[in-house]
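For the sequence shown, our numbering begins at 17 and goes up steadily by one. One structure is given below, encoded as structure tokens.
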Amino acid sequence: MHRPRVPCRREAEGVRGSRYRAPVTAGVLVLDKPGGITSFDAVRAVGAILRERKCGHAGTLDPMATGVLPVCVGAATKIAGYLVEEEKEYEAEFALGVSTDTGDATGKPTEERPGATASEPEVAAAVSGLVGTFPQVPPAYSAVKVGGVRSYALARKGKEVPLPPRTVTVREARLLSWTPGGFRAHIACSKGFYVRALPRDLGERLGVPMTVAGLRRIRVGDFRIGDAVTLEGLRELAARGAASGALIPIAKALSGMPHRVVPDEAVPAVRNGRLSGEWLVRLAAEVREETALLVTREGEPLSIVGRGSTGIWKILRGM
């Protein structure tokens, strides 16, 4: 499989042999991550293309996985933690008759039963049965920390450490296609859900070893695969000086969060991290959600505020 080129460290830092760094407008890039590279490598490649050192992603994709990877650029890195909370949608392909230690095709086989299968009605029922809220045990090869050490690091050393289950939600799960050798499924799930745990869980229900043969993320919150740009597409935009047009402004990226306009006279105080005045009383009365984005009359994002335990609003993240 062709491995996409990953920039060297100097390129990723946006220097390319000089100290010049072209200015880039802050925003969120919806990247169609290619397979064969890590999410970190994908972010590094974006930084190299945009010549922007400050980049980060909102929601890791496994190296073999492709699809939507929100990349926060510049000041937008401050909102990455909020984007991670969004619902995700996947299209996953599963192979029947073999299971691996990682739960996907990159791992070592742990059980092989050539020809083992399950009927289409059985698979459809097992997939649709995922809908609901339930505890899911992360796969051994995951980024979950155990005693300060990543679980995958322990698994690579052959150490089996029980991982505590996490409460996850699957809003939608349905069978897309089926053959005796495997099937494809569509899954809409919450943060923290591991598709690579499904070969273990569904395999137990069906009595058949299975593994993830392919995985594509098609949505993260409001970011959809139809709006995504490839690394090559981003390079072409950058060559024409149009790369900034692919970035979603911070305020639009947080469209699911209530927006409230700050009076002109209060803007300097908010920029300096202070909340006070009658407008704040109105904010408390108007917003029922726990968080809100404060913007200027022109729509410029100022800060994300949250309601404290006492009901008093405070700044959670300045822009």
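Ideal Cβ placement from N, Cα and C applies to all residues, glycine included.
Comparing alpha carbon positions, the residue from R60, T185, T227 closest to D117 is T227. As far as DSSP is concerned, R187 takes part in no beta bridge. Where D48 is concerned, the enclosing beta strand (DSSP E) starts and stops at 43–49.
CA-to-CA, the gap between S260 and D78 works out to about 27 Å. In its chain, beyond the 5 residues on either side, V277, V278, D280, V283, L318 have a beta carbon closer than 8 Å to the beta carbon of T312. In this structure, the CA atom of T149 is about 39 Å from the CA atom of R290.
When DSSP states are grouped into helix, strand and coil, T307 belongs to the strand group. Contact check for D57 against A244 fails: the beta carbons are separated by 8 Å or more.
L112 sits in a strand when the DSSP states are folded into three classes. In this structure, A204 lies away from E101, with their beta-carbon atoms at least 8 Å apart. Taking a 10 Å sphere around the C-beta of I328, we find fewer than 16 other C-beta atoms and assign the residue as exposed. Counting other Cβ atoms within 10 Å of its Cβ, A258 stays below 16 and is therefore classed as exposed. In the DSSP secondary-structure assignment, F56 is not bridged to any residue.
Taking C-beta separations shorter than 6 Å and ignoring five residues to either side along the sequence, the partners of E127 in its chain run S115, P225, following chain order.
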